[in-house]
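Numbering (full-length UniProt numbering), first residue to last: 1 to 573.
A virtual CB, placed ideally from N, CA and C, is assigned to each residue, including glycine.
Heads up: the structure comes next, in structure tokens.
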């Protein structure tokens, strides 16, 4: 979600995304150019908004699209409220937001939709349709939920938002564009129609230019335009991604003679294109999108940094740019993947708190991508290309050291990993001219944590063992005392029963399983117990730690000495 006035101001003056600076200055001589490389403020705001929106989801399906767009799958939340709706008091309905507490929610009027609808209809028509169509009722409730989220977003965080409500990601994104800024639109049924009828999905999507359909990129759109026009469509050479000068609507493609998924497969297929591209595009042109909203993620799938250049054709210049990009990449990795945990100090009189750092995930792959410029044509022009080439290597483990500065780590990263990667990518010493360089940290592996990951945090297990095993120490001490008494005196049967009662009492806080059946590794820790949160503060006193442990300098993990070799091999691979 994002505020809209600055964008509208740009469009009002004829400026667009990815426009050449020279063209922008011709159109608007007073435009102020600001270096936009540092997006920290926007990233932080995006994380805050994403966490806020995720809190409204029951199924944790909350998918980000860029900085300022999010898809929310609220099907289960809406369906639950449909079952509790009272048809006799629709004007005094209550939308429940919590599974556990029925009092958490907001009142709403279920007689009509919140915000705009497409196509525009009267309230009377809406009421008649709602009473006969379950889908219409579900969309109505979803529209009120969207309005509530937007209001809370503005009141709590100070951000306005635009929303689209429909049954799939494609339609919800497109319908949300109809009324901007700070508004919302719901695409109402019918979504399907018979041979002699017209449905709202077709009516809505037909008027869109094919390049505006999510999932249809520049190259696919150009092929579709060329097929309909029977010639290459004219494009704007001033824009980096070549905006079209000839609109071809979805209707033009969908109603073209003999068009279908098989024909589109022949038109769009070829080397490098995925199998089934024709069927996928045909579905999009008909408003069908069966892709699910992804589960909410604590960490991104990848982190990448790139920059474009007018001319980059010497190794010295490449090394300088790799140094700049690697610093930015490492800063991003620390910002997005390193969690700061505040732990209370062991000294009650201390005012400050001890802070520890924990990696949420470790990227296992480092990718270097470049975009070479094609050679000049005889007339001095160059063909337009967006093709990138790339090489990957295992992410070196030293980048996860928080003891070294980013600048020191970046120099080592460039020297030991990126320069060899670049030489594999461009084995020739000269003759290349790059227009773009991209660095990406990919293939994320979730780190050990209470919420899940590839394993448990060994360091926290050691620090927690005293409290986890405390009930058993009480039980063992009681057993030893009983054994001493049995060795010194003869017990009557009543006394034995009394002792057994004392033993059972000492088990009051023991785990669910008998200690004789399991070793210490099998005892459920706090992170394994359902409904418990293992966020207790565990002060780390080096003087009281077990002596035979190994501290990993790369990731800070603590483990027994016998595990040191395996852990180091894990960092290598």
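Boundaries of the beta strand (DSSP E) harbouring residue 69: 69-72, taken from the DSSP string.
In the structure shown, the three-state DSSP call for residue 197 is coil.
Separation of the CB atoms of residue 146 and residue 114 is rounded to 7 Å, and the pair is thereby assigned contact status at 8 Å. The beta carbons of residue 65 and residue 71 sit about 7 Å from each other, so the pair counts as a contact at 8 Å. If you draw a 10 Å sphere on the C-beta of residue 340, you find fewer than 16 other C-beta atoms in it, and that means exposed. With three or more CB-CB distances shorter than 8 Å, the stretch 289-308 counts as touching the stretch 355-367.
Straight-line measurement puts the Cα of residue 567 at about 46 Å from the Cα of residue 173. With contacts defined by Cβ atoms closer than 9 Å, residue 289 and residue 170 form a contacting pair. The Cβ neighbour count for residue 155, taken over all protein chains shown within 10 Å, is under 16; the residue is labelled exposed. When 427, 418 and 112 are compared, the shortest CA-CA separation from residue 319 is found for 418.
Judged by DSSP in its simplified three-state form, residue 366 adopts strand. Within the stretch 116-187, complete alpha helix (DSSP H) segments of at least 4 residues are found at 123-132, 134-152 and 169-175, given in chain order. Here residue 62 is bridged, per DSSP, to 72.
Membership of residue 306 in the beta strand (DSSP E) is indicated by the continuous run 303-308. A direct Cα-Cα distance of roughly 17 Å separates residue 63 from residue 44.
Here residue 359 is buried, its C-beta having at least 16 other C-beta atoms within 10 Å. Residue 391 is a Cβ neighbour of residue 425, given a cutoff of 9 Å. Residue 391: member of the beta strand (DSSP E) spanning 389-394, first to last residue. Between the alpha carbons of residue 323 and residue 387 lies a distance of about 23 Å. Considering only 296, 403 and 430, the residue with the shortest C-alpha distance to residue 58 is 296.
When secondary structure is reduced to three states using DSSP, residue 380 falls in the coil class, being assigned neither helix nor strand. Per DSSP, the beta-bridge partners of residue 358 are 339.
Residue 122 counts as exposed, since fewer than 16 other C-beta atoms from the protein chains shown sit within 10 angstroms of its C-beta. Assigned with DSSP and collapsed to three states, residue 278 falls in helix.
Cβ neighbours of residue 279 within its own chain (closer than 6 Å, five residues either side excluded): 261. Residue 116 and residue 167 do not touch by the CB rule: their CB atoms are close to 17 Å apart, not below 8 Å. For residue 264 against residue 441, the beta-carbon gap comes to about 36 Å, at or over 8 Å, which does not count as contact. Here residue 46 has 64, 67 and 68 as same chain residues with Cβ atoms under 8 Å from its own Cβ, once five neighbours each way along the sequence are excluded. If you draw a straight line from the Cα of residue 327 to the Cα of residue 306, it is about 12 Å long. By alpha-carbon distance to residue 447, the top candidate from 433, 406 and 357 is 357.
Residue environment for residue 188: buried (at least 16 other C-beta atoms within 10 angstroms of its C-beta).
Bridge pairing for residue 298: absent [DSSP]. In this chain, residue 226 is not harboured by any beta strand (DSSP E); it is covered by the alpha helix (DSSP H) spanning 218-229.
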